[in-house]
Amino acid sequence: MRLLHTSDWHLGRTLGPFSRHAEQVAALDALVDVASTVDAVLISGDIFDSPNPPIAAEELFFDALARLGDRGRRAVVVIAGNHDAPDRILAPRALAAAHGALLFGRPGDRPRLDPGLPVRLTSAGSGRAELALPSGRLAVHALAFPSESRLRTIVAPDLSDEADARQRYAARVAAALAPVPQEPGLLRVGISHLHVTEATLGTSERAFVGGAWQVPASSLPAFDYLALGHVHRAQAVAPAAWYSGTPFALRMDERTDPHGHLLITAEPGAPPRVETVPCGAGRPLVRVEVPDVAAVCMREAELKGAYVEIVLSRPPPSEDLIALRKLPLDIVRVRVNATPNDGGPIEDRSGMSDEALFRLWVRETGGGAADESLVTLFLALMGRAP
Amino acid sequence: MRPLHLHVHGLQAFSDPVDIDFESLGSSGLFGIFGPVGAGKSTLLDAIGLALYGDVDRGQGASRRGLRHPQASRVTVRFRFEDGTGERWRIERQYRDDKQGGLVRSYGRLIREGEGGGVVAELERDFNTEISRLVGLSREDFRRAVILPQGRFQELLQLRGGDRRNMLERIFDLAPYGENLRAGIREREAALRTQEALLEGEATGLRSAVELDLEASEVELAAARQVTLHSEERTRTARAGLVHAVDRERRWRALQAANEAEQAARAAWVAASGDRERLRRATRAAQWEEPIRRRDDARARWTDASSVAEAATTRARRATERADDARQARSRADQAEALRGPWTAWTTARDARLAASAACQREREVVERLDSRWHEAERQLSDLTGQRERAEVDAEAAREVHANWRAAEAKRHEHDVLQRATERVNRSARQLDARRNELRAAAEAVAAARRDWSVADADLRQLREQLGQVDDLPAEDPAPWEKRIARHQALLVDQARRRVSADRAASTSMRAAEALASARTLRDGLAAALEEACVEAARRATRDRAAHLALDLADGSPCPVCGATEHPHPASAPGAAAPQPDPEPLAAAEASLRRAEADAAAAEARARAAQAEVDAVAGEIAALADPAAPDVASWIARAAGARESQLAKASAKELATRIAATERTVDALRVRAEEAEATVAAARRSLDEADLEAADARRDTPQEALNLLVPLRRLTTGPEPDVAGAEAHAKALRFQLDAATTDRANLQAELQQARIRLGAAEATLIALGPETPAPPEPMESAPLPALVQAAADHAHAAERAALEAADAERDLATARGALDQAERALQGVPVDAVGDDPLDAGTREQLTARLKALDDALANTERARLAADTDFADAPPALDAAAASLAVERAEQDERRARTAQADVEARAELAAVHAPRRAELASLGQAVKVELARLHTLAARLRKHDFVTWLADDALRDLVRRASVHLLVLTDDRYRFDVDGDGAFQVVDTDYGDAVRPTSGLSGGETFLASLALALALSESIAARSQRRLDFFFLDEGFGSLDAESLDRAMTALEALPRGHRVVGLVSHVPGVRERLSKWLEVLPASAGRGARVVEHGG
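Heads up: the sequence lines are chains A and B, in that order. Per the numbering used here: the first sequence = residues 1423 to 1808. Per the numbering used here: the second sequence = residues 4 to 1103.
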């Protein structure tokens, strides 16, 4: 069976002041082309960039659902990520059901499909669907973004014997994703949006992805294939567990990471074969380190068509910034590499005694070394005789 | 502080009692309060504020109107918390309705829990003191830093200068370094001044009691001593004078005596004339008579002398008696004189006492008078103070009226400003349009100029390319190439010619070689034939040899060659012998061969020479070749090329000229383009400026302000109210008051002086002691000098008589001696010798010697008299001695007086010396006080110049900014950090936009929330690090709704990443994304049908 795995579209996202809409349209067009050769499409979360995306983004999502499902010719599985409002993902449920698309907004959602389509829903449960496809049987276990509180609604808090909050969370995720037993001719596929400890994070992700909510790969249930979303870099965290990553780099620091979609050939009980398909869209992201704005002007031609991050070695005068803004370039941001000149490290004076502070004050306000009699007087006035 | 428990009842939505256990909620460091809008989430925070500060932030003011739930009879809050030191406190407050529909306090208690606890404060005032001590935050601070209220996060962020510094001072407990320190300085200065005044008063008192200080007393004492010394000197001089006088008198008397002695001696000499006669007679007559006579004479003289001596003795006795009488008289007079001293002293003391008591009386009167005047002044002063206070109140009222008038004026002015600003907006809008048009035109000009320029530039580039190609051509001279080609051709011709002759030589040589070959062939044929013939001959000979051998062979006998015994095939018999070869033809052939060889060698040598010539030419040709141009064709090509490039270079010059021309054109076009661009830039700049101006104008003229115009217009103001009059009145009164105060102070000083003087007078009176009984008054007597004179006279007379008597006695003794001598001389005289002239020679001689002695005595006395006489030309000096004696008396009197005066001064000096240590102590204390004051002034001046608190607050601010920047960078995906502008206001640095600085007021809602969060986190950290107190909790009331998903994620991650422990962060929100990330939260269920709002705790 051939599967197509994609995630983290972040529709409606901007890069600095620039909309990525046109690139996302192109990427989804290319995705639809690739999808024509597969039996099922797995979209593992973060469809939208925000809980309240722009209308154009929603339209893009609906359009993609319809074209990917192609009136039920193939199964499309969609889960909500942490950026998505679960109800927004679920909103087109009735229309999606007519196109062979299964939507999961929260952990434990039950899927539905219209009958009479080439793709048939043979059984459905909490976060679970069994499908009869023209090419075989497919069991899908979906766990939409499992926030701690959402997770608690489906997995009873009887796991409190786990000492550590992190372990407890991992155990709950594992319980929520537990697959049906292996069965001949049944391909068991999982799909979720979470942070697997082993994943390699981008620079900016490191700062805020994670915290207590991460799951070690070892605690994930074994599937024939597990389609993960959340981390933006395409990578395998286990032989059969993959992040597809974003279709193209969304952030400056993702520009060197692998991106695209994953094309999987899987058979029940066998390791999957996974190949990366570039999405064929997305403008290049370029970071240029230059001494000043003039150097950017000289590289104007080279930078045309790319999103540019400019790293200057010294703070530019404001007219330079204005000049930069007038260049026909898509400049995402202008950083200054120089460390801020704040007069050196700030001395921590929190533990200093009154006497030391007084002496320091006298010295810093140009009084030189403090006169001892003055210090004594000060201490006496402060009620702290030496 | 850290909240432990909150109980709310009757406050707004909470008609039923609600209890919140923050200890369990905050155990994970982060909890939420959720619920629908209006359910009462913020009311829970209000309850904490009400408990701590007795007030609710949401603007009900002092009446607390509308805080009570209609169904509750009371509003009760109980709040338990832990302070920075771990002590636990409880606040209980209850409010009930007052008559105006507001709330009034029923009771309020601050209770310290645990051992030794109890009610600490009940009065509102005590409450405020204690709470600010425990929490370290004012109500405003609490709201800005602890409960970040809905929609007002930016307050902390946008606090400016003074407000923020005050807040930092409170939070970091800097008051002791500021106001307290200054107050300490003031108090200390006042105390020192009082001490100084006391010390000075005491010193003044001491000085006036003695009337002189130690140095003065010493000076006076020295003077008195000097006087004493002087008088002593004078006494000594007088005494010396007296001694001198007495001496003179004695000498005078000696003279007198000498005179008398002379006279006596003369008399004796005269008296001895009988002796002399007798001697003469005795010398003449008898040896013995002389001594008898002399004895008789001596007896007679002795008798005379006896009578004289008796008379003198009698006289002397009488003189002595008279002198005794005179001495007695004088001693009586002396006694009288001795009595006179104490009497005089007693009368002097009596006079002094009278004077001192009079002085006392006088000073007492002065003191009383001053006292009454001082009381008068006091009364006046209090009257004036009252008047002044009233005047001040009046002036204050006048000022208030004036301030109101000014405010009204300012508003009117504001209104004018607004109007002007509106006009500015309109004007700048018009300008903006004009500039835009300008800009458009200029941009078109730029485009045209750029087009022109690029065309010209393209031309130029093409020309340059051409020129470059030309430049690439090799710079070669064709002449050497052409010369080489010519030389080559000549060589070729020469080579051809030589080759022909070489060929010819070669063919000759070949022919010779052929001849040689045929000769050789011939010879070889001959030689071969000869050899063959020889071989045939030999073969035949061999064959014949076998046949010859075979002839001898017989079967059974061994062969001599092989030894075989059998001989199956014996050689046949030998044939005929071969003819002998003829060597003749060979020799001929050899000779012709030798000729042919010679010919061939010659021909070959010729041919070789010719070939060598050809080769030489070929070498020359080859030498013409060049590694760069190996063949002629290439030479020709090079030559052609060089020629061509020469031509091309010639044309390049022309091209360069064209390029220069084109360049000029391009330059001109570029200049035009740049000018046009500059115009555009200028236009854009002016557009930007106009934009800015317009923006400024727009910003300066907010719509609300414009809406205010109408009511403001009504603010017409009357004439300026008079405040100067009231102020002048107050000022006049103030001056009067100052004058009165000065008067009173003067009076006080005077009074003090008078009191000190009175004390001194009294002290003097006491020092004089009680009145003593009068000593006996001396009786009157003859004037002492007369008595002295008489006594002296009598004494002198007695002395004189005594002297006379002594002389007479001496004479008597002398006479007696002479008698004895004479009688001794007569001892051996026989009786008969005693007659006339029985003098022997010895006697005579003795007599002669005696007479001689008398002569000598006379001469001696005469001499002595003459010697003594010289000094006393005048009358006897008896009066001198008397005068000297009188001078001695006087000098002695003076000396006594001087001694008395000295004793007085000494007594006073002693008193001064007794006071001296205390006065020295006072002086040193006074000095110490002065030094301390100077030091205090130095510190005060330094503090005025550089405020210590400001410095500390600035330091705290820098620390805060540093910490807040760290948080903000994390929260904003490494985009923003904090900085502080020149006025100390926070601003945000956009590191995504070239470190451009933005005021915090320009941040979006979400950014403001994140910045406030960063600041609150930093503040909490900073307090933990720097303050005695702790700020272990804060609440964020909403604000999450303004964040996008990623920012929310970052904010929540940052909050989750806070170090656990004591710190508790409460999040009040309705955003689902927040609740989903919290393990503990409170759900506030809104009030419904008769039931108050409830709070349900979730999670665990």
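Ideal Cβ placement from N, Cα and C applies to all residues, glycine included.
Any C-beta of chain A within less than 8 Å: which residues of the segment 1067 to 1088 of chain B qualify?
Gly1076, Arg1078, Glu1079, Arg1080, Leu1081 and Ser1082
Residue nearest to B:Asp1047 in terms of C-alpha spacing, selected from A:His1615, A:His1617, A:Asp1471 and A:Pro1706
A:Asp1471
A:Ile1469: first and last residue of the uninterrupted alpha helix (DSSP H) it sits in:
No alpha helix (DSSP H) contains A:Ile1469, which DSSP labels as neither H nor E.
Can you list, in chain order, the residues of its chain whose CB lies under 7 Å from that of B:His970, leaving out five sequence neighbours each side?
Ala1017, Leu1020, Ala1021 and Ala1057
According to the neighbour-count rule (16 or more other Cβ atoms, all chains shown, within 10 Å of its Cβ), is B:Thr975 buried or exposed?
buried
Only counting the same chain, and skipping five residues up and downstream in sequence, which positions put a Cβ closer than 8 Å to that of B:Pro401?
It should be noted that the sequence gives Ala, not Pro, for residue 401 of chain B. Correct list, in chain order: Pro724, Asp725, Val726, Gly728, Ala729 and Glu730.
Should B:Leu533 and B:Leu596 be called a contact, given that it needs their Cβ atoms to be closer than 8 Å?
no
Is it buried or exposed, B:Cys363, if we count other Cβ atoms within 10 angstroms and call 16 or more buried?
buried
Tell me which residues of the segment 1559 to 1572 of chain A have at least one Cβ-Cβ distance to chain B shorter than 7 Å, keeping chain order.
Ser1569, Glu1570, Ser1571 and Arg1572
Our contact map puts B:Ala1092 next to B:Ser18 with C-beta atoms below 8 Å; I'd like the distance itself, whole angstroms only.
At roughly 12 Å, the Cβ-Cβ gap does not stay under 8 Å, so B:Ala1092 and B:Ser18 are not in contact.
DSSP on A:Arg1424, reduced to helix/strand/coil?
strand
Might you give, ordered along the chain, the residues of its own chain that have their beta carbon closer than 6 Å to the beta carbon of B:Ala801, omitting 5 neighbours on each side?
Ala322, Thr323 and Ala326
According to DSSP, what are the bridge partners of A:Arg1610?
A:Ala1561
Can you name, in chain order, every residue of its own chain whose Cβ lies under 7 Å from the Cβ of A:Pro1529, other than the five neighbours on each side?
Gly1549, Leu1565, Ala1566, Pro1568, Arg1572, Leu1573, Ile1576 and Ala1598
Just tell me which of B:Ala748, B:Arg196 and B:Asp957 has its CA closest to the CA of A:Glu1786.
B:Asp957
Restricting to Cα atoms, I'd like to know which of B:Val249, B:Thr306, B:His72 and B:Arg99 is closest to B:Ala798.
B:Val249
Tell me whether the beta-carbon of B:Arg980 lies closer than 8 Å to the beta-carbon of B:Ser968.
yes
Is any non-hydrogen atom of the ligand GDP found closer than 7 Å to the C-beta of B:Asp618, if you look at the structure I gave you?
No copy of the ligand GDP appears in this structure; indeed no ligand is present at all.
Identify, in the order they occur along the chain, each residue of the same chain with its Cβ nearer than 8 Å to the Cβ of B:Thr316, setting aside the five sequence neighbours on each side.
Ala808, Ala811 and Glu812
Best match in A:Ala1519, A:Gly1467 and A:Val1618 for proximity to A:Ile1503 [C-alpha to C-alpha]
For the record, residue 1503 of chain A in the displayed sequence is Gly; it is not Ile. Ranking the options by Cα distance to A:Gly1503, first place goes to A:Gly1467.
A:Pro1808 to A:Ser1775 span [Cα, whole Å]:
Any answer about A:Pro1808 is weak, because its pLDDT of 41 lies below 50 and its placement is not dependable; what the coordinates show is given next. Those two C-alpha atoms are separated by around 11 Å.
Work out the CA separation of B:Thr775 and B:Gly344 for me, nearest whole Å.
15 Å
From the beta carbon of A:Val1838, is the nearest beta carbon of chain B less than 8 Å away?
Shown here, chain A extends from 1423 to 1808; a query on residue 1838 of chain A therefore has no answer.
Which residues in the same chain as B:Asn863 place their Cβ atom closer than 7 Å to its Cβ, once the five residues preceding and following it in sequence are excluded?
none
Is A:Pro1638 helix, strand or coil when you go by DSSP?
coil
I think B:Arg115 touches B:Glu90, with their Cβ atoms under 8 Å apart; what is that distance to the nearest whole Å?
7 Å
Closest to A:Val1541 by C-alpha separation, out of A:Ala1462, A:Leu1642, A:Leu1437 and A:Arg1424, would be which residue?
A:Ala1462
Pair within 8 Å by beta-carbon distance, A:Asp1742 and A:Val1784
no
Nearest to A:His1521 by alpha carbon, out of A:Val1500, A:Gly1527 and A:Asp1509?
A:Val1500
Which of helix, strand or coil does DSSP assign to A:Arg1705?
coil
Sub-8 Å separation of B:Leu672 and B:Ala452 beta-carbons
yes
DSSP-derived helix/strand/coil call for B:Ala358
helix
Short of 8 Å Cβ to Cβ, which residues in the segment 1495 to 1517 of chain A face chain B?
Asn1504 and His1505
Can you give me the start and stop residues for the beta strand (DSSP E) that A:Thr1575 sits inside?
A:Thr1575 -> not in any beta strand (DSSP E); alpha helix (DSSP H) instead, spanning Glu1570 to Ile1576.
In terms of residues, what are the limits of the beta strand (DSSP E) holding A:Leu1524?
Ala1523 to Phe1526
Thinking C-alpha only, which one of B:His551, B:Gly43, B:Glu587 and B:Glu607 is nearest B:Ala530?
B:Glu587
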